[in-house]
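In what follows, a single structure is set out as structure tokens and then discussed.
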Amino acid sequence: MPTSINHQLMYEDLQRIRQGLMIEKEKYNFNNEQTYAGVARLCPAPIILVEGIFIFHFERLRSLYDLKIFVHAKEDLKLIRRIKRDQIERNYLVEDVLYQYEHHVMPAYEKYIKPYLDEADIVVNNNITFERAFEVIRGFICNYLREIEYKHE
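Each residue of the sequence shown is one higher than the last, beginning at 5 in my numbering.
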């Protein structure tokens with residue numbers, strides 16, 4: 005849920021990076037608060053990628069993004085991929101995955117994620133392969149970097 009995100013701290017961290025400052029963040033460790041995953045150092049760069057399922061939910065954060073990309077896949081593919089991932093990586097039973105998907109994942113998607121589809125500058129189709137979408141995104145980033153370089157000449 006979006007309430008699990010400290011959006012004020014995320015905003016402050018993004019502002020620090022944009023100002024040229026390095027920040028340190030504790031690495032995310034899915035469903036395991038007891039295990040320390042370490043610290044990630046995030047350094048300023050011409051391109052800063054922010055990813056996550058609720059990154060469009062907070063307008064204040066959205067206002068910081070130069071390009072908003074929404075990665076989309078068909079519902080049946082999302083479910084199949086989730087079942088495979090949760091069985092392999094998390095050792096979940098199929099019944100548990102299906103229950104969670106129907107009662108938590110899809111309602112949250114409809115309420116907190118799908119409404120921001122129109123906020124995206126690019127909607128990436130991730131039904132078959134991500135390669136073509138990756139090339140489009142790479143092209144945009146290359147153009148963006150050229151524009152920055154041109155402005156500084």
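Note that the Cβ used here is the ideal one computed from N, Cα and C, for glycine as well.
Predicted model only: the values in this text are computed from it and were never measured.
Nearest candidate by alpha-carbon position, reference residue i, set the options
{"i": "residue 69", "options": "15, 149 and 142", "result": "15"}
{"i": "residue 23", "options": "49, 5, 132 and 32", "result": "49"}
{"i": "residue 126", "options": "113, 114 and 141", "result": "141"}
{"i": "residue 113", "options": "77, 138 and 92", "result": "77"}
Between the CA atoms of residue j and residue i - distance to the nearest angstrom
{"i": "residue 149", "j": "residue 94", "result": "39 Å"}
{"i": "residue 106", "j": "residue 136", "result": "30 Å"}
{"i": "residue 79", "j": "residue 152", "result": "38 Å"}
{"i": "residue 158", "j": "residue 96", "result": "Because the chain here runs from 5 to 157, residue 158 falls outside it and cannot be looked at."}
{"i": "residue 109", "j": "residue 84", "result": "13 Å"}
{"i": "residue 134", "j": "residue 90", "result": "21 Å"}
{"i": "residue 154", "j": "residue 17", "result": "27 Å"}
{"i": "residue 115", "j": "residue 92", "result": "28 Å"}
{"i": "residue 12", "j": "residue 44", "result": "19 Å"}
{"i": "residue 111", "j": "residue 62", "result": "18 Å"}
{"i": "residue 40", "j": "residue 139", "result": "35 Å"}
{"i": "residue 160", "j": "residue 103", "result": "For the chain, the structure presents residues 5 to 157; residue 160 sits outside this window and is missing."}
{"i": "residue 6", "j": "residue 19", "result": "20 Å"}
Close beta carbons around residue i, own chain, < 7 Å, minus the five adjacent residues each side
{"i": "residue 145", "result": "51"}
{"i": "residue 60", "result": "66, 72, 120 and 123"}
{"i": "residue 46", "result": "21, 26, 27 and 29"}
{"i": "residue 57", "result": "117"}
{"i": "residue 168", "result": "Beyond the ends of the chain as shown, which are 5 and 157, falls residue 168; an answer cannot be given."}
{"i": "residue 81", "result": "131"}
{"i": "residue 9", "result": "58"}
Close-in-space but distant-in-sequence residues of the same chain around residue i (CB under 6 Å, 5 per side omitted)
{"i": "residue 3", "result": "Outside the shown range of the chain, which is 5 to 157, sits residue 3, and nothing can be said about it."}
{"i": "residue 42", "result": "31"}
Residue burial classification, residue i (beta-carbon count within 10 angstroms, cutoff 16)
{"i": "residue 98", "result": "exposed"}
{"i": "residue 54", "result": "exposed"}
Residue span of the alpha helix (DSSP H) that contains residue i, given as start and end
{"i": "residue 136", "result": "135-155"}
{"i": "residue 98", "result": "98-104"}
{"i": "residue 83", "result": "79-93"}
{"i": "residue 16", "result": "11-22"}
{"i": "residue 65", "result": "63-66"}
Residue i - containing beta strand (DSSP E), residue span
{"i": "residue 76", "result": "73-76"}
{"i": "residue 126", "result": "126-129"}
{"i": "residue 30", "result": "27-30"}
{"i": "residue 54", "result": "Residue 54 -> no beta strand (DSSP E), and no H or E assigned at all."}
Close beta carbons around residue i, own chain, < 8 Å, minus the five adjacent residues each side
{"i": "residue 64", "result": "11 and 15"}
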